[in-house]
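Enquirer:
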Amino acid sequence: MPKTKNNDIELLLSKAEEIYELYKIDECEELLLDIIIRLNPTYKELSIEISDPDTVIGSIKEMPTSKVSATHIAKLLLLCGNVISRKKNRDMLSVKYYNEAVKYTNPKKNELLYAQINNEMGTMYRLKGEIDTAIHKHFDALRVFEILNNENEIAHAKSNIAEVYKDIGRYKDALDYLYEVQLYAYKSTNKIKYAGVLVNIGAIFKSMRDSQTALGYYYKALAIFEEMQYRQGLAVVIGNIGSTTENQNEARKCLFCAFELFRQLDMKYDEARILGSIGLYYASLCDYDNAMIYFQKSLRNNKALGRKKLISHSYHNIGVVYCLQEYSGFDLKKSEYYIHSALKIDEEVQNYDHMIYPLRALAEVYERQGRWELCSAMYKRCDMLKEEVRNHHLLIDAKNKEFEKLLNEKEMERKSAYDEVSCQLRKAQEQILRKSLELTSYIDSQKRMRLEIEDAFNQSITTTQAIQKVKKLVEDIPESAMNWQKFYLEFQVVYPDYQRKIYTRIPALTQAEFRVSCMILIGLHTTDIATMLFISERTVERHRLHLRHKLNISTATSLQSVLASL
């Protein structure tokens, strides 16, 4: 296998990022595995998979440090985590990748990468219920993205913040953020991303018990996913429609279609969830035999995934069906076993909101068995639990108020930072405008001087006379106009970190390419740059091509925009 260079890895990682943004997850996963094997060929013969973070991280730790930079490793780990998160619908395995990526990232030297990792970590903390940590992660990331004016990452952070607002019941704030994200997605022309935002907005309306509006958003997203043939999106939105619609035929069709897609895509978390929804669908039709089949399947999947709350739900649903005389397998002993198992898990994980259901169900089982003391004890415990649940909700409300206070503080910090950056940007733009006017004036004078030099040669009888006239013209040029160093000192006032950033991105950048990049950054055209630097337009175009090649961007991408985003 040929020796792998850092530049090669940079190009491959950039390609992987591009593929990931296009939601081609399987293709991105294959490319990431190829990168890992290129960096550590000893793993070529092993059946390594991105879904096995321990093996992947182990292979990365064994890589020769001369082959790859810490930044490249961090990007690789971040992408691996993102692939798992998107492919497995936010599988917690992603956390292992993100935790490892942080170790390879210097927050001072690579703000963007560090913020990207923090933003993804915030989502994982939110899913674990650590809302305060999630808030800090998301808002800290958003602040960096806004300073860097990275619209793609701004939209991603705002989408995550919307999920936080949804979790604490602030649906209006969640929608406000998602409407902003919707605009970003529309501007990006990424249809899959836009449809994903529609699904999230629909989910908010479903939480607000506005099923019709939710379905409207789901159907819009469905049309886009079908057009783009994005199967994962189709699976999610079809499942959402199935669990939202009141039309029983449509519900059945959607739930089974979603289940088949989740199964084919190996999305086990969603597969387990949709199996439970199918069981509830059959139970609503009083088809308890089929309901039991799907509740049992859901239980097996949830056990394999270790999802305790959903295991409890499955136990409870199975126990309730066993308690029904209409069910062909009616069995009160089995009903007691399953419902008691659900109660035990709820007590273990302190799932007070769900605990009331197995308690009531157990009371009914004991009543049917004629075990009156136990039945009475269960009903009394139900009454006591109601008070516990009320107190628990008061605690949750108090905690949510703390989260709201923290969110408000973060919003104020963000606004203050954004206003400060906007002010600095406005001043910088005014300064750039002033300098551009000065440069335009200088360039015009240079053009006039060239014409005068040509006239001097054309009108002079001897070479000596021509040289004397040209010498006089050159002496009349102000020193400040000819001095690159003086120009660059002014440039650094507006762009103090530009040189460090571009040389970090392109270590092999030449001095001539650097000078041309500075001119491109402030908006000068090829003709003006040629005049300013006393080089031909063809040379300027060659430097432009070299810059594009070294930045790995196509001719369709604005070079000035890329340089401005460094």
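For the sequence shown, position 455 (counting from the first letter as 1) is numbered 448 according to the numbering used here, and the numbering increases by one without interruption. For every residue, glycine included, the Cβ atom is placed at its ideal position computed from N, Cα and C.
Rounded to the nearest angstrom, how far is the Cβ of S334 from that of Y350, given a contact under 8 Å?
Expert: Here residue 334 refers to the residue found at position 341 of the sequence shown. Here residue 350 refers to the residue found at position 357 of the sequence shown. Their Cβ separation, rounded to whole angstroms, is 13 Å, which puts S334 and Y350 out of contact at 8 Å.
Enquirer: Secondary structure at F480, three-state DSSP: helix, strand or coil?
Expert: Counting from 1 along the sequence shown, the entry for residue 480 is found at position 487. Three-state DSSP puts F480 in a helix.
Enquirer: CB L171 to CB A155, shorter than 7 Å?
Expert: One-based indexing of the sequence shown puts residue 171 at position 178. One-based indexing of the sequence shown puts residue 155 at position 162. The answer is yes: Cβ separation under 7 Å.
Enquirer: With DSSP collapsed to three states, give me the class of M260.
Expert: On the sequence shown, residue 260 is found 267 positions in, with the first residue counted as 1. DSSP, read as helix, strand or coil, puts M260 in coil.
Enquirer: Considering A501, what are the terminal residues of the alpha helix (DSSP H) in which it resides?
Expert: The residue given as residue 501 occupies position 508 in the sequence shown. Counting along the chain, A501 falls outside any alpha helix (DSSP H), and DSSP gives it neither H nor E.
Enquirer: Alpha carbons only, please: which of E239, S87, A549 is nearest the one belonging to L120?
Expert: Taking the sequence shown and counting its residues from 1, the one referred to as residue 120 is at position 127. Closest by alpha carbon: S87.
Enquirer: Quick check on DSSP: helix, strand or coil for M56?
Expert: Numbered from 1 along the sequence shown, position 63 holds the residue referred to as residue 56. Correct three-state label for M56: coil.
Enquirer: Considering only C-alpha positions, which residue in the set G269, N393, Y212, I515 is nearest to H306?
Expert: On the sequence shown, residue 306 is found 313 positions in, with the first residue counted as 1. The shortest Cα separation from H306 among G269, N393, Y212, I515 belongs to G269.
Enquirer: When the Cα atoms are used, what is the spatial distance from R79 to Y372?
Expert: Stepping through the sequence shown from its first residue, residue 79 is reached at position 86. Stepping through the sequence shown from its first residue, residue 372 is reached at position 379. Going from the Cα of R79 to the Cα of Y372 covers about 44 Å.
Enquirer: Helix, strand or coil: how does DSSP classify V192 here?
Expert: To locate residue 192, count along the sequence shown from 1; it is residue 199. When DSSP states are grouped into helix, strand and coil, V192 belongs to the helix group.
Enquirer: Identify the continuous alpha helix (DSSP H) that holds D282 and give its terminal residues.
Expert: Indexing the sequence shown from 1 puts residue 282 at position 289. Segment 281 to 298, the alpha helix (DSSP H) holding D282.
Enquirer: Spatial neighbours of E104 within its chain, please: C-beta separation below 6 Å, excluding the five flanking residues on both sides.
Expert: Taking the first residue of the sequence shown as 1, we reach residue 104 at position 111. Once the five neighbours on either side are set aside, the close Cβ partners of E104 are V137.
Enquirer: Output the distance between the C-alpha atoms of K96 and N401, rounded to the nearest integer angstrom.
Expert: The count along the sequence shown starts at 1 and reaches residue 96 at position 103. The count along the sequence shown starts at 1 and reaches residue 401 at position 408. Approximately 31 Å between the Cα atoms of the pair.
Enquirer: How is the alpha helix (DSSP H) around S554 delimited, first residue to last?
Expert: For the purposes of this step, residue 554 is taken as residue 561 along the sequence shown, with counting starting at 1. Note, S554: alpha helix (DSSP H), 552 to 557.
Enquirer: Quick check on DSSP: helix, strand or coil for P34?
Expert: Numbered from 1 along the sequence shown, position 41 holds the residue referred to as residue 34. P34: helix per DSSP, three-state reduction.
Enquirer: Going by beta carbon distance, what residues of the same chain come within less than 7 Å of E357, once the five residues before and after it are set aside?
Expert: By 1-based counting over the sequence shown, the position of residue 357 is 364. Within the same chain, E357 has close Cβ partners C316.
Enquirer: For K186, which residues in the same chain have their Cβ closer than 6 Å to its Cβ, ignoring the five residues on either side in sequence?
Expert: Here residue 186 refers to the residue found at position 193 when the sequence shown is read from its first residue. Short of 6 Å from the beta carbon of K186, and not among the five residues preceding or following it, lie these beta carbons of its own chain, in chain order: A178.
Enquirer: What separation, rounded to the nearest whole angstrom, lies between the Cα atoms of N295 and I515?
Expert: The residue you call residue 295 lines up with position 302 of the sequence shown. The residue you call residue 515 lines up with position 522 of the sequence shown. Roughly 57 Å separates the two Cα atoms.
Enquirer: Output the distance between the C-alpha atoms of Y320 and K302, rounded to the nearest integer angstrom.
Expert: Counting from 1 along the sequence shown, the entry for residue 320 is found at position 327. Counting from 1 along the sequence shown, the entry for residue 302 is found at position 309. Taking the straight line joining both Cα atoms gives about 25 Å.
Enquirer: If you draw a straight line from the alpha carbon of N33 to that of K165, how long is it in whole angstroms?
Expert: Walking along the sequence shown from the start, residue 33 turns up at place 40. Walking along the sequence shown from the start, residue 165 turns up at place 172. Their Cα atoms are separated by approximately 49 Å.
Enquirer: Measuring alpha carbon to alpha carbon, tell me which residue in K290, Y211, I217 is nearest T237.
Expert: The residue you call residue 237 lines up with position 244 of the sequence shown. Per the Cα distances, Y211.
Enquirer: Taking DSSP as the reference, what is the three-state secondary structure of C247?
Expert: Position 254 of the sequence shown, counted from the start, is the residue given in the question as residue 247. In the three-state scheme derived from DSSP, where H, G and I count as helix and E and B as strand, C247 is classed as helix.
Enquirer: Given a threshold of 16 other Cβ atoms within 10 Å of its Cβ, counted over all protein chains shown, does N112 qualify as buried or as exposed?
Expert: Locating residue 112 in the sequence shown gives position 119, counting from the first residue. It counts as buried.
Enquirer: Between which residues of its own chain and D346 is the CB-CB distance below 7 Å, once the five residues before and five after are set aside?
Expert: The count along the sequence shown starts at 1 and reaches residue 346 at position 353. Counting only Cβ-Cβ distances below 7 Å, and skipping sequence neighbours, we find V382.
Enquirer: Taking the alpha carbon of G51 as the reference point, which residue from I304, T64, I29, S62 has its own alpha carbon closest?
Expert: Here residue 51 is taken as the residue at index 58 of the sequence shown, counted from 1. It is I29 whose Cα lies nearest to the Cα of G51.
Enquirer: In chain order, what residues of the same chain have a beta carbon less than 6 Å from the beta carbon of I124, not counting five sequence neighbours either side?
Expert: By one-based count along the sequence shown, residue 124 stands at place 131. Excluding residues within five positions, the ones whose Cβ falls inside 6 Å are F396.
Enquirer: What three-state label does DSSP hand M371 in the structure shown?
Expert: Position 378 of the sequence shown, counted from the first residue, corresponds to residue 371. DSSP places M371 in helix when its eight states are reduced to three.
Enquirer: As a quick exercise: from Y359, I546, E483, L215, pick the residue whose alpha carbon is nearest that of M512.
Expert: Residue numbering aside, residue 512 sits at position 519 when the sequence shown is read from its first letter. It is E483 whose Cα lies nearest to the Cα of M512.
Enquirer: Identify which residue in M260, Y36, L292 has its Cα closest to the Cα of M56.
Expert: Counting from one through the sequence shown, the residue named residue 56 turns up at place 63. Among M260, Y36, L292, the Cα nearest to that of M56 is on Y36.
Enquirer: Assign P500 to one of two classes, buried (16 or more other C-beta atoms within 10 Å of its C-beta) or exposed (fewer than that).
Expert: In the sequence shown, residue 500 corresponds to position 507, counting from 1. Flag for P500 reads exposed.
Enquirer: Would you report the Cα separation of R498 and L4, rounded to the nearest angstrom?
Expert: Mapped onto the sequence shown, residue 498 falls at position 505. Mapped onto the sequence shown, residue 4 falls at position 11. Using only the alpha carbons, I get a separation of about 12 Å.
Enquirer: My assumption, with CB atoms under 8 Å, is that H536 sits in contact with A557. Please give the rounded CB distance.
Expert: Translated into the one-based positions of the sequence shown, residue 536 becomes position 543. Translated into the one-based positions of the sequence shown, residue 557 becomes position 564. With 8 Å as the limit, H536 and A557 do not qualify as a contact, their Cβ atoms being about 18 Å apart.
Enquirer: Pairs of beta-carbons, one from the segment 216 to 223 and one from the segment 239 to 247, closer than 8 Å: are there three or more?
Expert: no
Enquirer: Within 10 Å of its beta-carbon, does K(-4) have 16 or more other beta-carbons around it, so buried, or fewer, so exposed?
Expert: As a position in the sequence shown, residue -4 is number 3, starting the count at 1. Here the model assigns K(-4) a pLDDT of 47, short of 50, so the residue's position is not dependable and the matter cannot be decided.
Enquirer: Do you know whose CA, among K102, L399, H131, lies nearest T116's CA?
Expert: What you label residue 116 is simply residue 123 of the sequence shown in a count that begins at 1. Of K102, L399, H131, the residue nearest in Cα terms is H131.
Enquirer: Near Y107, which residues of its chain fall below 6 Å by C-beta distance, leaving aside the five closest residues on each side in sequence?
Expert: On the sequence shown, residue 107 is found 114 positions in, with the first residue counted as 1. If we look at Y107 and ignore the five residues flanking it on each side, its Cβ neighbours are T98, P100.
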